[in-house]
Amino acid sequence: MIWLHTYLGLITGWLLFAIFVMGTLSYFTPEITYWMMPERQVIAGDKPQQDQVHAHGQRYQVEKSIGYLEANATNATSWRVYLPTQRDHHWYVQWSEGKTRHLVSFNKDAIPIETSTDTKGGLFFRNFHYTLQLRGYGGRYIAGVAAMAMLLALFTGIYTHRRFFKDFFTLRKGKVTKWTTDFHALIGIVTLPFCLMICISAIMIYAIMYMPFSANMHFENGERGVNKAIIPSLPALGESTQAIDKRGMKKDILYSTILADLKIKWQEPNAIKRITIESPFRENSRFIIERTKSLTVSNRAERLVYSSYTGTPLEGYADESAPATFRRIMYGLHQANFATIGLRWLLFVLGALGSALISTGLIIWVNQRKTAYLNANSHQLGLPLSLRIMEKGNIATIMGLAIATSVFLLVNRLLPADMANRADMEVNAFFVVWLCSIGHAIIRPSKNAWYEQTCIAALCYLALAVVSFSIPFERTLDALATLDITYLSFTVVFALCGVGFITLARWLKVRLVQTSDRYDLNAKSVDVPNIKARKR
Amino acid sequence: MVSVSILVILGIALLAIASDKHVKRVASKFNRKRRAVVQTTTRVSGWLLLGGSLLAAVYAPLPLSISLVWWFTLVGCAILLVALVINKGN
């Protein structure tokens, strides 16, 4: 069991650390995107405010969106209206004409935004978390195998650290190795339910992909066939005449009647997430409204269907089967769309602790082996290759990822807005910096590499805090004027990260000095007998 | 959820105090028999408070599934918080 725990952790540790860090950041995907696109402003608010949008709420947004689509998307077969939430503040409409897809975003005054920042935003972290930027090249399989290994490591970890249960709530101070081992065991227990939930739900989301044999045997299109069979859909719309009133004019969509009916059924504020209008301008047009996911653990919220031109409720989607519902709940638990800000932060803390669990495990292994090796082979210089690879890899994975993440965010602000392939350049910067971190870790002695990379991380985060505050400065002023906590909190978090890395760097510096002093003493103690021998 | 959080933290704190390593903090003056009684009482109180917090979460004005996610998350964070605080004094 101990052997399995150790080697599962070693083999998949770096990968799991990257997946956990990225997954933890993904709890704030819409917020990160919001920060990375400074042209976005607060649209959806908690309390009714003075301006036009908040005074009329979602009804105003629906009215403006449909008005825009009626004027600009006359040839589309369907329209989609995405209403802003308190998390993303992104209000946009979408339609397709032939193969061309159109997307228009609005600001809070319902004016179309002409230029928007070309960025992957928080979606980069989310996609990296489960595809490892290898979509189509087996990335999801690798991430799945890592999740399975993590699950196994959790169970074997309970056995490996079973003695800890006797001394629960114990963190021995003094020696770093003891404290790290206690901390590893403690956070292993603290995050056990969270990690189990995350690993099991991750595997369940792609269960059909990992075990396609049954689906391939019973369904024509394999995985797609299964999804088609278990996911309920609405009956196809037939041919229909144009919706024209008695005066010969095009009919108006009766959104007011529909929204009034909805207000009785869904009573939470800003309850609508998305509206799909199928076959606009046709007599049989459908108005499909999707609720926000704030009141359900499932990743599929309730959907209601109305006739667009009569406002009467139509037969909606059939209930999903139990396995489909189970998979959706797993999906919802993994993504935590239901979580309010407090719960989201708690889950973020647990995710960060999960990352700390993996990193401490990796560090403990290297330190224990290193100490044992140096005690047994004090006369030999250097460490064996395997230990050196692990040590350097730990530095590049843990510190490299911290630096690369900050650079990804930093580049978002520093690259010119009109640059070609701007979004790809941000991603490239992330990977180039990570690669540089690996190179630095290989070249420099380990203790120096830890210290230097921590200093670089501290610098990067402090620079990020400054850049977040000053570029674009008007955005910060606007955020201060409107008390936009989401936007402003990024500057605070970056500054706190910077301070955290400075503290870590100072601690590492002390250890570095102590180690060099010890080496000097050892060197002197070796030199003294040599000098005496020479004198003789 | 505020009351659930308070109950969870208090419950975990009592369980931490009742653990073999930390019980001497509250029961150092007692003899062995009394100490065992104090330890058991503290432990039972801790479990009762945790049970109470679970009940409070179940009856919170939120969907049950979301309340349970809240409760598990709070328990995890409370264990870490209590462990860090209780070991600081050592």
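In order, the protein sequence lines correspond to chains A and C. At position 287 of the first sequence (counting the first as 1) the number is 287 in the working numbering, and the numbers step up by one without a gap. Count along the second sequence from 1, then add 1000; that gives the number in the working numbering. Ideal Cβ positions, reconstructed from N, Cα and C, are used throughout, including at glycine. Predicted model only: the values in this text are computed from it and were never measured.
Helix, strand or coil at residue i [DSSP, three-state]
i, result
"residue 391/A", "helix"
"residue 274/A", "strand"
"residue 63/A", "helix"
"residue 137/A", "coil"
"residue 313/A", "strand"
"residue 444/A", "coil"
"residue 90/A", "coil"
"residue 373/A", "helix"
"residue 102/A", "strand"
"residue 244/A", "strand"
"residue 239/A", "coil"
"residue 112/A", "strand"
"residue 297/A", "coil"
"residue 426/A", "helix"
"residue 172/A", "coil"
"residue 55/A", "Here the model assigns residue 55/A a pLDDT of 47, short of 50, so the residue's position is not dependable and the matter cannot be decided."
"residue 1059/C", "coil"
"residue 130/A", "helix"
"residue 1070/C", "helix"
"residue 97/A", "strand"
Proximity below 9 Å, CB of residue i to CB of residue j
i, j, result
"residue 200/A", "residue 330/A", "yes"
"residue 1051/C", "residue 190/A", "no"
"residue 1058/C", "residue 338/A", "no"
"residue 303/A", "residue 316/A", "yes"
"residue 1022/C", "residue 431/A", "no"
"residue 137/A", "residue 19/A", "no"
"residue 273/A", "residue 309/A", "no"
"residue 156/A", "residue 262/A", "no"
"residue 206/A", "residue 5/A", "no"
"residue 90/A", "residue 96/A", "no"
"residue 171/A", "residue 1060/C", "no"
"residue 414/A", "residue 275/A", "no"
"residue 289/A", "residue 80/A", "no"
"residue 332/A", "residue 285/A", "no"
"residue 107/A", "residue 41/A", "yes"
"residue 326/A", "residue 307/A", "no"
"residue 222/A", "residue 215/A", "yes"
"residue 343/A", "residue 1066/C", "yes"
"residue 1086/C", "residue 1018/C", "no"
"residue 177/A", "residue 367/A", "yes"
"residue 1080/C", "residue 357/A", "no"
"residue 161/A", "residue 122/A", "no"
Contact set for residue i: own chain, Cβ-Cβ below 8 Å, skip 5 residues either direction
i, result
"residue 470/A", "476"
"residue 450/A", "395, 399, 508"
"residue 347/A", "27, 194, 336, 339"
"residue 85/A", "30, 44, 270, 273, 292"
"residue 11/A", "149"
"residue 444/A", "452"
"residue 426/A", "119, 120, 124, 408, 411, 412, 415"
"residue 242/A", "250, 281, 282, 283"
Sequence-distant residues of the same chain with beta carbon closer than 7 Å to residue i, five excluded per side
i, result
"residue 456/A", "403"
"residue 1014/C", "1042, 1045, 1046, 1049"
"residue 153/A", "5, 8, 9"
"residue 464/A", "406, 409, 410, 494"
"residue 186/A", "171"
"residue 35/A", "487, 490"
"residue 183/A", "171, 360"
Contacts of residue i in chain C (Cβ-Cβ under 8 Å)
i, result
"residue 358/A", "Those within 8 Å of residue 358/A in chain C number zero; the least Cβ separation is about 16 Å."
"residue 187/A", "1080"
"residue 496/A", "Within 8 Å Cβ-Cβ: nothing; residue 496/A doesn't reach chain C, min ~18 Å."
"residue 297/A", "1063, 1065, 1066, 1069"
Chain-ordered neighbours of residue i on chain A, where CB pairs are closer than 9 Å
i, result
"residue 1082/C", "169"
"residue 1094/C", "For residue 1094/C there is no data in the structure shown, the boundaries of chain C being 1001 and 1090."
"residue 1056/C", "None at all; the shortest Cβ gap to chain A is about 16 Å."
Where residue i meets chain C, residues with beta-carbon distance less than 7 Å
i, result
"residue 338/A", "1066"
"residue 305/A", "Simply none; closest approach about 23 Å."
"residue 349/A", "1077"
Residues of its chain near residue i, where Cβ-Cβ distance is below 6 Å and the 5 sequence neighbours each way are ignored
i, result
"residue 397/A", "14, 17"
"residue 147/A", "199, 202, 203"
"residue 1074/C", "1005, 1008"
"residue 279/A", "237, 285"
Beta bridge counterpart(s) of residue i as assigned by DSSP
i, result
"residue 38/A", "Its beta-bridge partners do not exist; DSSP assigns none."
"residue 220/A", "According to DSSP, which records beta bridges pairwise, residue 220/A is partnered with nothing at all."
"residue 289/A", "275/A, 304/A"
Partner residues on chain C for residue i, Cβ-Cβ distance less than 9 Å
i, result
"residue 194/A", "1072, 1073, 1076"
Chain-ordered neighbours of residue i on chain A, where CB pairs are closer than 8 Å
i, result
"residue 1060/C", "Within chain A, no residue comes near residue 1060/C; the closest Cβ sits about 12 Å away, beyond 8 Å."
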